[in-house]
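Peer 1: Mind having a look at this structure? Questions to follow.
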Amino acid sequence: MMQRFSFPVVQPDPALEDLRAELQGFLREELNAGNFRPEPECWMASADPEFSKKMGTRGWIGLTWSKQYGGQGKSALERYIVTEETLRAGAPVGAHWIADRQHAPMLLEHGTEEQKLDILPRIAAGECYFAIGLSEPGAGSDLANVKTRAEKVADGWKINGQKIWSSGAHMSHYMVALLRTSPADGRNRHVGLSQIMIDLSLPGVTIRPITDLSGDAHFNEVYFEDVIVPDDCLLGEEGGGWKQVTGELAMERSGPERFLSSYITLETALYQLQGKLGSDSQARLGKLVASLRTLKGMSWGIANLLHQGISPETEAALVKDLGNRLENDLTQQVRAMLNDLPAEEWSDEMRRIINIGVLRSPPNTLRGGTTEVMRGITARQLGLR
């Protein structure tokens with residue numbers, strides 16, 4: 002039976018605009034002081050621990066969790082504004098991004114009180130980072146095929162195996178990994194999977210960088226050889242990892258990073274093209290702006306659902322699919338628009354940003370779930386499979 006999608010319309014709150022203005026002022030000061038250079042895909046590949054600490058000092062990390070754990074007790078919509086503005090500015094937020102977005106909420110739900118009091122304030126201060134431990138060789142889109150195992154031992158859990166494409170693992174303190182803790186139930190491979198938090202400084206952990214087309218090495222392979230973690234590092238129920246992961250992915254797939262990662266490329270190009278856009282380029286620009294506005298409304302609605310405690314997995318999949326297409330299309334459309342400007346008039350900054358944007362665009366349709374997987378989720382919601 003077909004289910005409806007839910008994208009509630011959220012009315013603007015003037016009070017939220019004060020936060021936006023404060024953020025814009027901070028980012029402008031940091032940029033003018035030369036403390037960062039804007040980049041596309043900044044939440045993936047641009048990490049600056051000092052910048053993260055500045056964000057933490059101002060209370061802009063951990064906005065939604067309680068002050069007891071170092072947070073601010075604010076709404077998901079306020080957090081949305083922080084993520085939106087830092088993405089638009091191309092700011093170096095990659096160090097704290099994943100911890101703030103998905104693993105802190107997981108600790109709040111499944112962590113021990115000791116873990117919450119220890120780790121969450123450090124995340125909120127911009128001083129503690131997490132990596133995602135999902136994909137493996139042979140287990141990308143087919144995530145239930147993970148082979149990395151956690152065996153119950155007297156001292157906790159013994160972990161052996163490998164994770165891949167773990168962004169920021171080389172600088173992270175912890176990884177939350179999806180591991181097989183018991184055999185699958187026949188053809189149902191979702192059974193027997195659990196999530197375990199791993200201290201990446203433990204003996205037996207080896208992290209190796211993977212250099213991408215742009216020369217960055219923010220991706221990593223992570224190997225585990227007889228790594229022992231305590232019992233309390235099991236997050237949630239043993240065997241309940243698959244259900245937890247699908248809820249986690251709603252947070253990963255629905256945010257503005259799914260359609261604003263390349264926004265700085267468009268903004269920089271428009272600054273160069275003032276008064277020089279031909280009719281074709283004006284049409285391209287109109288389509289891009291319409292798509293950005295639409296996706297913002299959809300993503301804003303999901304933020305409101307998350308604020309209400311609802312986990313909109315299918316809506317998030319649709320936003321990610323549409324956002325992936327926009328991200329890749331935006332870079333190509335900007336390149337076409339720049340044909341209105343002689344190459345010798347391109348600024349060095351424009352060349353730098355467009356080059357980074359082109360080289361970093363291939364993972365858009367892969368990370369967080371491939372386009373095919375997202376469309377499969379959408380089709381299931383529509384009763385088509």
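At position 229 of the sequence shown (counting the first as 1) the number is 230 in this note's numbering, and the numbers step up by one without a gap. Heads up, the beta-carbon is just placed ideally off N, CA and C, and yes, glycines get one too. Everything numeric in this text was worked out from a predicted model, so none of it was measured.
With a threshold of 16 other CB atoms inside 10 Å of the CB of P15, please say whether the residue is buried or exposed.
Peer 2: exposed
Peer 1: Mapping DSSP to helix, strand and coil, what is L274?
Peer 2: coil
Peer 1: Within 10 angstroms of its Cβ, does E316 collect 16 or more other Cβ (buried), or is it exposed?
Peer 2: buried
Peer 1: How big is the Cα-Cα spacing for M3 and A380?
Peer 2: Per-residue confidence for M3 stands at a pLDDT of 48, beneath the threshold of 50, marking its modelled position as unreliable; no derived number is given.
Peer 1: At the level of alpha carbons, what is the spacing between Q275 and G287?
Peer 2: Annotation: Q275 to G287 spans about 15 Å, alpha carbon to alpha carbon.
Peer 1: Among the candidates A178, I133, V83 and G157, whose CA atom is the shortest distance from the CA of W61?
Peer 2: The option with the nearest alpha carbon to W61 is V83.
Peer 1: Does DSSP put T113 in a helix, a strand or coil?
Peer 2: coil
Peer 1: Output the boundary residues of the beta strand (DSSP E) element that contains E40.
Peer 2: Neither: E40 is in no beta strand (DSSP E) and is coded neither H nor E.
Peer 1: Determine the contact status of W301 and L235, defining contact as a CB-CB distance below 8 Å.
Peer 2: no
Peer 1: Which residue from W98, L109, P50 and Q309 puts its Cα closest to that of Q421?
Peer 2: Any question about residue 421 goes unanswered here, given that the chain covers just 2 to 386.
Peer 1: Under 8 Å between the Cβ atoms of L121 and H308?
Peer 2: no
Peer 1: Out of D322, D233, R59 and F220, point me to the one whose CA is closest to K117's CA.
Peer 2: D233
Peer 1: Give me the Cα-Cα distance between I265 and G91, rounded to the nearest whole angstrom.
Peer 2: Cα to Cα, I265 sits roughly 6 Å from G91.
Peer 1: What runs of the beta strand (DSSP E), each 3 residues or longer, lie entirely inside the region 84 to 164?
Peer 2: 131 to 134 and 150 to 154
Peer 1: Can you list, in chain order, the residues of its chain whose CB lies under 8 Å from that of E373, leaving out five sequence neighbours each side?
Peer 2: S142
Peer 1: If we call anything under 8 Å between Cβ atoms a contact, is T269 one with I357?
Peer 2: No; because the gap between Cβ atoms is not below 8 Å, this pair is not in contact.
Peer 1: Which of the three DSSP states is assigned to L179 in this structure?
Peer 2: strand
Peer 1: Kindly indicate which three-state DSSP category A170 falls into: helix, strand or coil?
Peer 2: helix
Peer 1: On the three-state DSSP scale, how would you describe F225?
Peer 2: strand
Peer 1: Go through its chain and collect everything with a Cβ distance to P9's Cβ below 8 Å, but skip five positions before and after it.
Peer 2: G302, N305 and L306
Peer 1: Just to check my reading of the structure: Y175 and F131 have Cβ atoms closer than 8 Å, yes? What is that Cβ distance to the nearest angstrom?
Peer 2: 5 Å
Peer 1: If we count the other Cβ atoms within 10 Å of its Cβ and call it buried at 16 or more, is E86 buried or exposed?
Peer 2: Result: buried.
Peer 1: If distances are taken between C-alpha atoms only, which option among G298, I124 and I99 comes closest to G72?
Peer 2: Residue I124 is the option with its Cα nearest to G72.
Peer 1: Since Q196 sits in a beta bridge, which residues does DSSP pair it with?
Peer 2: L179 and L236
Peer 1: Taking just the CA atoms, how far does E350 sit from R336?
Peer 2: 14 Å
Peer 1: Based on Cα-Cα distance, which residue from S173, Q163 and G169 lies nearest to R181?
Peer 2: Q163
Peer 1: Write down the C-beta distance between G134 and L179 rounded to the nearest angstrom, noting that I regard them as a contact closer than 8 Å.
Peer 2: 7 Å
Peer 1: Measure the CB-CB distance between A422 and G63 and report whether it falls below 8 Å.
Peer 2: No information on residue 422 is available, as it lies outside the stretch 2 to 386 that the chain covers here.
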